[in-house]
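Protein chains in written order, with the numbering used here: chain Z, 1 to 113; chain L, 1001 to 1193.
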C-alpha cells in the first residue's frame, strides 16, 4: 500500500465520517415506545401474583391441595367402581318394601288425658 | 456529541430496570443518535440504519435487568451489537447507498459537482466495505469511521489487539485494491492531500 493509496483511503473515510447521519424524530419515538412496552411488561411481572401465591390464598397450599385431590379421586372411584360395601348399604332402598312403624297409640292416649 | 462519563449509562440502565421512565428518556436521547450514526456509516441506507438502531436499543431494554456494570460499558456493548447487526445485513446483501441521505448544502457551500463527487466517493467506499469479510469490515469501520483505538476495538470484538491490527491491515488492502481503479473517476488525484 503506497502513501498515495493510504491517503486516498483516508480521504474516503473522512468523506464518510463527515456525512451527517440522519436522525429522525420518528426513530426516537419508536425507541421510546419500545422502552414503554418493556416498562409495562416488567411492571406486570412484578405485580401479578404467581400461581403458587394464588393457590396458597385460595386453598391453603400444596398439602391442602393434596387432601383435596385425594378426596376427589375417592369420590370418582366410589361413583365408578361401586365397590361391594356400597351395594350392601343400598339393600333395602331399592325394590323392597319398608315398613315404617307407627307411633305407639298409648302415647296419644296419654296426651288425651 | 458529548459522551457521558463511563458509568452514567450503566446507572441510567439500572434505573430503567427499576421502572424509571425518565431513565429511558435519557438513554434514548444519549444513545440513539450515536447508534444511528454508526449504523448509517456502515450501511449507507437510512431505513436500514434506523431498523438496526431500533433493534439495538430494543436489545438494550431487554438486557437491562441482567446488566452487569462490572463486565462491560454500555457503549462498548452497543458498538458490538450494532456492528453485528450491520454485518448481518451486509451478508444478506441487497444494500446500497441512499444518495438522498446526504444533506444538501446551504448557499455558499460546495458546488453541485463537488457534492456529487462526495456522494460517489461515499458510495464507492461503502460498496467496497460491504464486500469485505464481516470481521474485517467491522474492524475497519470501528477504527476509521468510529475512530476508536485498537484496544477498545479489541474489547468490542472480543479479541486481541494484534488480531484487530491484522484485520484492519487486510481490510484496507482490499479496499485499496477495489477502489484503485476509480481514483481519477472519484477525483482523488485532484485532491490536495
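All C-beta atoms, glycine included, are put in the ideal place defined by N, C-alpha and C. Remember, predicted model here, so these are calculated numbers, not experimental data.
Starting from residue i and walking both ways along the alpha helix (DSSP H), at which residues does that stretch end?
| i | result |
| --- | --- |
| residue 1175/L | 1161-1179 |
| residue 1154/L | 1150-1156 |
Among the options, which residue has its Cα nearest to the Cα of residue i?
| i | options | result |
| --- | --- | --- |
| residue 1053/L | 1133/L, 1178/L and 1086/L | 1086/L |
| residue 1134/L | 1062/L, 1118/L and 1167/L | 1167/L |
| residue 1021/L | 18/Z, 11/Z, 33/Z and 73/Z | 33/Z |
| residue 1123/L | 1179/L, 1060/L and 1144/L | 1179/L |
| residue 14/Z | 1041/L, 1018/L and 1070/L | 1041/L |
| residue 1153/L | 1114/L, 1132/L, 1078/L and 1061/L | 1078/L |
| residue 1091/L | 1043/L, 1169/L and 1037/L | 1043/L |
| residue 1081/L | 1058/L, 1068/L and 1188/L | 1058/L |
| residue 1156/L | 1069/L, 1076/L and 1026/L | 1076/L |
| residue 41/Z | 1114/L, 1045/L and 1062/L | 1062/L |
| residue 1074/L | 1187/L, 1015/L and 1007/L | 1007/L |
For the putative contact between residue i and residue j, defined by C-beta atoms under 8 angstroms, what is the C-beta separation to the nearest angstrom?
| i | j | result |
| --- | --- | --- |
| residue 1024/L | residue 27/Z | Actually they are not in contact, since the Cβ atoms of residue 1024/L and residue 27/Z sit about 15 angstroms apart, beyond 8 angstroms. |
| residue 1031/L | residue 1064/L | Contact doesn't hold; Cβ gap of about 12 angstroms is too wide. |
| residue 1129/L | residue 1175/L | 7 angstroms |
| residue 1139/L | residue 1181/L | At roughly 24 angstroms, the Cβ-Cβ gap does not stay under 8 angstroms, so residue 1139/L and residue 1181/L are not in contact. |
| residue 16/Z | residue 1125/L | 6 angstroms |
| residue 23/Z | residue 1036/L | 5 angstroms |
| residue 1026/L | residue 1039/L | So it is not a contact: roughly 21 angstroms between Cβ atoms. |
Query raised in the report: Taking only runs of the beta strand (DSSP E) that begin and end inside the region 1009-1076 of chain L, which ones reach a length of at least 3 residues, in chain order?
Result: Along the region 1009-1076 of chain L, the beta strand (DSSP E) does not occur as any fully enclosed run of 3 or more residues.
Query raised in the report: Considering only residues of the region 1116-1148 of chain L, which uninterrupted alpha helix (DSSP H) runs meet the minimum length of 4 residues and lie entirely inside it, listed in chain order?
Result: Correct list: 1134-1144.
Requested in this report: Return the residues of the region 1052-1064 of chain L that lie within a Cβ-Cβ distance of less than 8 angstroms from chain Z, sorted by chain order.
Outcome: Flagged, chain order: 1053, 1054, 1057, 1058, 1061, 1062 and 1064.
Requested in this report: Determine which residues of the region 1168-1179 of chain L have a Cβ less than 8 angstroms from any Cβ of chain Z, and write them out in chain order.
Outcome: Those would be 1172, 1173, 1175, 1176 and 1179, in chain order.
Report task. Quick one: which residues of the region 1124-1139 of chain L get their C-beta closer than 8 angstroms to a C-beta of chain Z? List them in chain order. Result -> Along the region 1124-1139 of chain L, going in chain order, the ones with a CB nearer than 8 angstroms to a CB of chain Z are 1124, 1125 and 1126.
Query raised in the report: For the region 1037-1051 of chain L, which residues have a CB atom closer than 7 angstroms to at least one CB atom of chain Z, in sequence order?
Result: Here the close residues are 1037, 1040, 1041, 1046 and 1050.
Query raised in the report: Taking a cut of 7 angstroms between CB atoms, which residues from the region 4-16 of chain Z lie near chain L?
Result: Those would be 5, 7, 8, 9, 11, 12, 13, 15 and 16, in chain order.
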